[in-house]
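Quick note, the sequences are listed as chains H and L, same order. Quick note: the first sequence uses our numbering, first residue 29, plus one each step. Quick note: the second sequence uses our numbering, first residue 215, plus one each step. Remarks on the structure that follows.
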Amino acid sequence: MTGDGDRGRPDPGSGLEQEQSRLLRKALHHAGIRHGDLWLRYFSIGGTVGEYEVDAYIQSLMSLPPDQRDLIAHAANELIDEFPPLPRAPYLEDLIQ
Amino acid sequence: MAQQLPLDELSTVIARIQGLLLTEEKVHTAVRLLAQAAKESVPGTIGAGVSLLDARGRRTSSGYTDRIVSQADATQYECGEGPCLTAWATEEPVLVRDLTEESRWPEWRNAVAGLPVRSVVSAPLVAGKESIGALKLYAATPNTYDESSVILLQLFAAPAATLLSHIQASEAPHRMTQGLQASLYSRDVVNRACGVLMERLGISHEAALHRLIKQARDENTALQQISERVLAGTPAHGA
Numbered sequence: 029m030t031g032d033g034d035r036g037r038p039d040p041g042s043g044l045e046q047e048q049s050r051l052l053r054k055a056l057h058h059a060g061i062r063h064g065d066l067w068l069r070y071f072s073i074g075g076t077v078g079e080y081e082v083d084a085y086i087q088s089l090m091s092l093p094p095d096q097r098d099l100i101a102h103a104a105n106e107l108i109d110e111f112p113p114l115p116r117a118p119y120l121e122d123l124i125q
Numbered sequence: 215m216a217q218q219l220p221l222d223e224l225s226t227v228i229a230r231i232q233g234l235l236l237t238e239e240k241v242h243t244a245v246r247l248l249a250q251a252a253k254e255s256v257p258g259t260i261g262a263g264v265s266l267l268d269a270r271g272r273r274t275s276s277g278y279t280d281r282i283v284s285q286a287d288a289t290q291y292e293c294g295e296g297p298c299l300t301a302w303a304t305e306e307p308v309l310v311r312d313l314t315e316e317s318r319w320p321e322w323r324n325a326v327a328g329l330p331v332r333s334v335v336s337a338p339l340v341a342g343k344e345s346i347g348a349l350k351l352y353a354a355t356p357n358t359y360d361e362s363s364v365i366l367l368q369l370f371a372a373p374a375a376t377l378l379s380h381i382q383a384s385e386a387p388h389r390m391t392q393g394l395q396a397s398l399y400s401r402d403v404v405n406r407a408c409g410v411l412m413e414r415l416g417i418s419h420e421a422a423l424h425r426l427i428k429q430a431r432d433e434n435t436a437l438q439q440i441s442e443r444v445l446a447g448t449p450a451h452g453a
């Protein structure tokens with residue numbers, strides 16, 4: 029699943045970009061976040077790249093500037109943080125109160 | 215988070231907002247031309263009019279061929295009753311052969327008693343499933359209109375409604391979904407916070423955004439909250 033980078037430009041960051049989008053893809057998949065929802069959040073926090081391009085970036089088909097990539101990552105993390113946490117086991121003290 | 219096709223929706227809304235700036239004039243002209251054509255289509259008609267109404271029955275736009283129509287119509291909206299409002303509300307055409315023998319709309323009939331109006335025919339303007347207004351003809355003599363006038367006016371109303379619904383964009387801002395409004399608002403907050411940091415620290419937009427993201431990450435909060443704090447005047451943390 030590792031991107032082979034054949035479409036990336038020969039800049040030193042291209043391998044990192046591939047890695048960044050691959051792990052983003054993995055995180056989205058794991059959390060079940062749709063690309064459209066991610067784009068909307070990204071747009072809501074100031075993202076400037078269109079939905080189509082963001083989708084292509086998630087699939088490692090297109091290169092985006094580093095600041096936009098971080099903004100996408102942040103949007104994804106905000107959505108992930110909004111999921112209800114897994115239930116925790118109570119201590120006895122919690123039950124008495 | 216449950217948004218579908220945000221991009222489509224956004225572009226539609228923007229198209230509508232842009233349309234809004236252009237359409238005031240366009241709707242007005244179209245409505246006037248339509249009224250003129252309707253008047254000429256039925257002999258004996260002394261005046262024709264078109265009213266566009268919003269979802270609550272308030273008039274948003276109207277066009278008349280003659281003053282008499284404007285007077286008779288204004289009275290309908292003042293009284294809150296009349297043939298056009300009935301046509302609009304029921305989405306059925308209304309035929310009044312002789313106003314003096316009519317029992318509906320007592321208040322309106324009383325109010326127009328001094329006007330030379332004896333027969334009325336009105337057809338609703340229905341676009342899709344929505345009733346957007348009514349088309350009406352007034353005549354000074356009784357029995358000017360019959361079932362065939364109703365059919366004719368309805369034939370007129372169908373394409374007119376479609377046309378008008380396309381250029382009528384006055385409700386565009388209300389149709390923005392809450393999700394989209396929230397999205398545009400938060401985007402604005404973030405961008406304003408960037409602007410504040412740019413001015414305060416003399417840095418570029420990218421650097422300002424980078425700072426905000428960094429701080430949101432460090433504190434594990436949403437970018438919007440960090441931005442709101444910046445706007446509220448709490449200084450962004452130094453390092």
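Idealized CB from N, CA, C, for every residue including glycine.
Name the chain L residues that come within less than 7 Å of residue i, Cβ to Cβ?
| i | result |
| --- | --- |
| H58/H | Residues of chain L passing the Cβ test: none, with the nearest at roughly 16 Å. |
| S49/H | Result: empty, since nearest Cβ-Cβ is about 17 Å, beyond 7 Å. |
| I86/H | None at all; the shortest Cβ gap to chain L is about 15 Å. |
| D95/H | E420, L423, H424 |
| H63/H | Under the 7 Å cutoff, chain L gives no residues; its nearest Cβ is about 11 Å from H63/H. |
Check the Cβ-Cβ distances between residue i and every residue of chain H, and say whether any is below 7 Å.
| i | result |
| --- | --- |
| S418/L | no |
| A244/L | no |
| I213/L | Because chain L in this structure spans residues 215 to 453, residue 213/L falls outside the shown range and cannot be described. |
| A421/L | no |
| L411/L | no |
| A407/L | no |
| A303/L | no |
| A251/L | no |
| I427/L | yes |
| V404/L | yes |
| S265/L | no |
| S333/L | no |
| S397/L | yes |
| E433/L | no |
Let me see if you follow: with CB-CB separation under 7 Å, is residue i close to chain L or not?
| i | result |
| --- | --- |
| L89/H | no |
| E106/H | yes |
| D98/H | yes |
| I73/H | yes |
| L68/H | yes |
In terms of alpha-carbon separation, which member of the options lies closest to residue i?
| i | options | result |
| --- | --- | --- |
| S42/H | G64/H, P94/H, H57/H, A59/H | P94/H |
| A269/L | L339/L, L313/L, A407/L | L339/L |
| A288/L | R431/L, R272/L, Y399/L | R272/L |
| L329/L | V308/L, R281/L, D360/L, P297/L | R281/L |
| K253/L | E413/L, G409/L, F370/L | F370/L |
| V326/L | L394/L, Y291/L, L445/L | Y291/L |
| E305/L | E344/L, Q250/L, E361/L | E344/L |
| Q439/L | C408/L, L415/L, M412/L, A421/L | C408/L |
| G78/H | L114/H, W67/H, S88/H | W67/H |
| C293/L | S276/L, T274/L, R323/L, T314/L | R323/L |
| E420/L | Q125/H, F111/H, D98/H, Q46/H | D98/H |
Answer with buried or exposed for residue i, where buried requires no fewer than 16 other C-beta atoms within 10 angstroms of its C-beta.
| i | result |
| --- | --- |
| I260/L | buried |
| P257/L | exposed |
| Y278/L | buried |
| S336/L | buried |
| Y80/H | exposed |
| G75/H | buried |
| L123/H | exposed |
| I108/H | exposed |
| D312/L | exposed |
| Y359/L | buried |
| A188/L | This structure does not reach residue 188/L, given that chain L is present from 215 up to 453, and the question cannot be answered. |
| Y85/H | buried |
| L349/L | buried |
| L415/L | exposed |
| R318/L | exposed |
| A262/L | buried |
| R332/L | buried |
| A372/L | exposed |
| L423/L | buried |
| E315/L | exposed |
| D65/H | buried |
| I346/L | buried |
Determine the chain H residues that contact residue i at a beta-carbon separation under 8 Å, and present them in chain order.
| i | result |
| --- | --- |
| L445/L | By Cβ distance, chain H contributes nothing, its closest Cβ being about 14 Å from L445/L, past 8 Å. |
| L415/L | Result: empty, since nearest Cβ-Cβ is about 16 Å, beyond 8 Å. |
Going along chain L in order, which residues have a C-beta closer than 9 Å to the C-beta of residue i?
| i | result |
| --- | --- |
| G43/H | Residues of chain L passing the Cβ test: none, with the nearest at roughly 21 Å. |
Against residue i, what residues of chain H qualify as contacts under a CB-to-CB distance less than 9 Å, listed in chain order?
| i | result |
| --- | --- |
| V340/L | Within chain H, no residue comes near V340/L; the closest Cβ sits about 33 Å away, beyond 9 Å. |
Using the beta-carbon of each residue, which ones in chain C are nearer than 9 Å to residue i?
| i | result |
| --- | --- |
| R401/L | Judged by its chain identifiers, the structure shown contains no chain C, and its protein chains are H and L. |
By the criterion of Cβ-Cβ separation under 7 Å, what are the contact partners of residue i in chain H?
| i | result |
| --- | --- |
| A436/L | E106 |
| A430/L | H102 |
| S317/L | Residues of chain H passing the Cβ test: none, with the nearest at roughly 56 Å. |
Indicate, with yes or no, if the ligand SAH has a heavy atom lying under 6 Å from the CB of residue i.
| i | result |
| --- | --- |
| S400/L | The ligand SAH is not part of the structure shown, which contains no ligands of any sort. |
Below 8 Å, how does it come out for the region 422-429 of chain L and the region 95-103 of chain H: are there three or more Cβ pairs, yes or no? yes
Do three or more CB pairs link the region 54-73 of chain H to the region 394-410 of chain L at distances below 8 Å? yes
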